[in-house]
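This report concerns only the one structure given below.
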Amino acid sequence: MGRGLQGKVALVAGGTRGAGRGIAVQLGAAGATVYVTGRTSGSDRSEMNRPETIEETAALVDQAGGRGIAVRIDHLIPGEVRALVARIEQEQGALHVLVNDIWGATVMEWNKPVWESSLDVGLRTLRLASILTPSPATSRCHF
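Residues 1250 to 1392 in the working numbering are what the sequence shown spells out, letter by letter.
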């Protein structure tokens, strides 16, 4: 992959495993600094208790040629998200790419049509985008 994202900063929310991990690695291969967030770290597991960690994803970003930064965060807690945004702005000066691959559901509603399922969890995950939406007059975040 080319280095078209050299000097750019990305945040992959939900980068512990799966599609989020793959996207984070490819952003790294393109040269980006990638903040990889999730609830499972080497020292603290989410209730899902899966083996993958945000540190492993950050290491894969490094191996791909980017710079991976692991940050344990629960994106359903607005204060944690605000602290992350402040950290990125302080450390990097800007955020150029935002990938929202969070889910966080612990209950699935099987045997129900999607329109009868609870949308609460899915809609709450969109909080990340609303918190990250910068004020054009005060922020150097670019979306």
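Backbone N, C-alpha and C define an ideal beta-carbon position, used for all residues, glycine too. Source: prediction; values computed, not measured.
**Request:** Put R1316 into one of helix, strand or coil per three-state DSSP.
**Result:** To locate residue 1316, count along the sequence shown from 1; it is residue 67. Three-state DSSP puts R1316 in a strand.
Cα separation between T1387 and Q1341?
Mapped onto the sequence shown, residue 1387 falls at position 138. Mapped onto the sequence shown, residue 1341 falls at position 92. With a pLDDT of 45 at T1387, under the threshold of 50, the modelled position of this residue cannot be trusted; read the value that follows with caution. In a straight line, the C-alpha of T1387 is about 15 Å away from that of Q1341.
Quiz item: Which whole-angstrom value describes the C-beta separation of V1310 and G1271, a residue pair presumed to lie in contact below a C-beta threshold of 8 Å?
Solution: The count along the sequence shown starts at 1 and reaches residue 1310 at position 61. The count along the sequence shown starts at 1 and reaches residue 1271 at position 22. Between V1310 and G1271, the beta carbon gap of about 11 Å keeps them out of contact (Cβ cut-off 8 Å).
Inset, instruction - Measure from the alpha carbon of A1313 to the alpha carbon of each residue in G1263, A1281, I1351 and A1259, then state which is nearest. - result: Along the sequence shown, one-based indexing puts residue 1313 at 64. Per the Cα distances, A1281.
Checklist entry - From A1259, E1301 and R1252, pick the residue whose C-alpha is nearest to that of V1346; which is it? => result The count along the sequence shown starts at 1 and reaches residue 1346 at position 97. Taking only the C-alpha atoms, the option nearest V1346 is A1259.
Requested in this report: Look at V1285 and D1350 and say whether their C-beta atoms are less than 8 Å apart.
Outcome: The residue given as residue 1285 occupies position 36 in the sequence shown. The residue given as residue 1350 occupies position 101 in the sequence shown. Result no, Cβ atoms of V1285 and D1350 do not sit closer than 8 Å.
query: Terminal residues of the continuous beta strand (DSSP E) containing G1267?
result: The sequence position of residue 1267 within the sequence shown is 18, counting from 1. According to the DSSP assignment, G1267 belongs to no beta strand (DSSP E) but to the alpha helix (DSSP H) extending over G1267 to A1278.
**Asked** With burial defined as no fewer than 16 other Cβ atoms inside 10 Å of the residue's Cβ, what is the status of A1335: buried or exposed?
**Response** Numbered from its first residue, the sequence shown carries residue 1335 at position 86. Counting Cβ neighbours within 10 Å, A1335 comes out exposed, since fewer than 16 surround it.
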